[in-house]
Amino acid sequence: MKVIVDKRTEFIGIILMLSKYNQKYEFLKNTYSNEEYINDIMQWFNKYKNDEFIKLTNEIIDKYENFNYATPLDLVLRYFDTNFNPVESADKPEYFDILNGRLIQEFLHELPSFANRTKFEEFYKNHSDFYNMCINFQQKYLQELPLNIEQYFLNFYGTDKSPNVRCNLLLTNSCRGGFGVGINGILYPSLIVDFKGEKQFPCSFTFLFHEMSHPVINPLTDKYLKGNVETKLEIQHYGKIKSIINDSIIRAAEIILCKHMQCSTEFIERKINMEKTQGFEHIEKVVACLENYSSHRKRYPNIESFFPILLDTVVDQIKSHSKEVKQLK
Numbered sequence: 612m613k614v615i616v617d618k619r620t621e622f623i624g625i626i627l628m629l630s631k632y633n634q635k636y637e638f639l640k641n642t643y644s645n646e647e648y649i650n651d652i653m654q655w656f657n658k659y660k661n662d663e664f665i666k667l668t669n670e671i672i673d674k675y676e677n678f679n680y681a682t683p684l685d686l687v688l689r690y691f692d693t694n695f696n697p698v699e700s701a702d703k704p705e706y707f708d709i710l711n712g713r714l715i716q717e718f719l720h721e722l723p724s725f726a727n728r729t730k731f732e733e734f735y736k737n738h739s740d741f742y743n744m745c746i747n748f749q750q751k752y753l754q755e756l757p758l759n760i761e762q763y764f765l766n767f768y769g770t771d772k773s774p775n776v777r778c779n780l781l782l783t784n785s786c787r788g789g790f791g792v793g794i795n796g797i798l799y800p801s802l803i804v805d806f807k808g809e810k811q812f813p814c815s816f817t818f819l820f821h822e823m824s825h826p827v828i829n830p831l832t833d834k835y836l837k838g839n840v841e842t843k844l845e846i847q848h849y850g851k852i853k854s855i856i857n858d859s860i861i862r863a864a865e866i867i868l869c870k871h872m873q874c875s876t877e878f879i880e881r882k883i884n885m886e887k888t889q890g891f892e893h894i895e896k897v898v899a900c901l902e903n904y905s906s907h908r909k910r911y912p913n914i915e916s917f918f919p920i921l922l923d924t925v926v927d928q929i930k931s932h933s934k935e936v937k938q939l940k
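Numbering (the working numbering), first residue to last: 612 to 940.
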């Protein structure tokens, strides 16, 4: 698996730092990592906070409620090459409806000029040693795992071809957590790696698998979910039922992975309890459903062949838990 620090996602992270993004989405701000690098960013770019392009970005943040999480990363990965030359995307993203807006079109048109104006290329090259240190650290972690994550991913989901995966490290403080982006057959699990003094924190194998899974699971939910699902669940900051469904499935798949890797019972129980405290009270039922899938792979050669059953289980559990929440209120 290739580990990278993609120039495009670093730049969009810096743009978001200069904008009101971290103010509006404070829960997405990473407040504890890469302090020296963050200081370098602010020393280099802070003078551009009142630039017209940042004002434009702020307009977009105000207008579009879905300009958050993976959407900004998806935009730059999908519509620019690594030199910020515009490219045509072969597939339309889920949020494609917002691209017809004047603000988004202007944003895409002006971004390369802003990169030139701020001398981002020079900044990126100046920090190549830091990027390489992060890449080597994450690569070493992956090589020391007792299984090949890509091969497990291929086998578990039963995909028809090996994925082209680029483990993309996010080092700014405007992208807390991780984001799964799939574009034109390439998976970009984009993940945080933290460096604080002598301490180094790699992206965990479950985190990587989680973000690799989104480009597989999300389209299946879009394809098979029929009608509206009403829920009173308030899970983290997920506003849409599809997001709750997708994360329910993927978080359960993480637990299956942990069992496959023979993680300790204590570790697995701690992870299940963590998911429950984050609102996924139904996680064990979804795990059991996925274990049924894993035990009957001759009948279900890939995750799509099992997905209607899986989706029904997840939706039923969400509805059931939603009723319990309503009764408590």
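We put the CB at the ideal spot given by N, CA and C, even for glycine.
Item                                                                                                                                        : Value
Rounded to a whole number of angstroms, what is the C-alpha to C-alpha distance between residue 774 and residue 872?                        : 21 Å
In the DSSP assignment, find the beta strand (DSSP E) that holds residue 898 and state where it starts and stops.                           : From DSSP, residue 898 is part of no beta strand (DSSP E) but of the alpha helix (DSSP H) over 894-906.
Let me make sure I understand the geometry here. Which of 616, 863, 923 and 731 has the alpha-carbon closest to that of residue 838?        : 923
Have a look at residue 691 and residue 617 and give me their C-alpha separation to the nearest angstrom.                                    : 12 Å
Is the CB-CB distance between residue 800 and residue 776 below 8 Å?                                                                        : yes
Just mark residue 681 as buried or exposed, buried being the case when its beta carbon has 16 or more other beta carbons within 10 Å.       : buried
Taking the CB atoms as reference points, tell me whether residue 743 and residue 615 lie closer together than 8 Å.                          : no
Give the DSSP bridge partners of residue 792, in chain order.                                                                               : 799
Terminal residues of the continuous alpha helix (DSSP H) containing residue 831?                                                            : 816-835
By DSSP, does residue 725 sit in helix, in strand, or in coil?                                                                              : helix
Less than 8 Å between the beta carbons of residue 782 and residue 648, yes or no?                                                           : yes
Between 713, 863, 712 and 741, which has its C-alpha nearest residue 818's C-alpha?                                                         : 863
Residue 937 by DSSP, collapsed to three states: which one?                                                                                  : Caution is warranted here: a pLDDT of 43 is assigned to residue 937, below 50, making its placement in the model unreliable, and the coordinate value is therefore given only provisionally. Three-state DSSP puts residue 937 in a helix.
Mark residue 733 as exposed unless 16 or more other C-beta atoms lie within 10 angstroms of its C-beta, in which case mark it buried.       : exposed
List the residues that DSSP assigns as beta-bridge partners of residue 615.                                                                 : 779
Assuming residue 946 contacts residue 636 under a Cβ cut-off of 8 Å, what Cβ separation, rounded to an integer in Å, is found between them? : Here the chain covers residues 612 to 940 and nothing more, so residue 946 does not appear.
Counting Cβ pairs closer than 8 Å, one from the stretch 819-837 and one from the stretch 915-930, do we hit at least three?                 : yes
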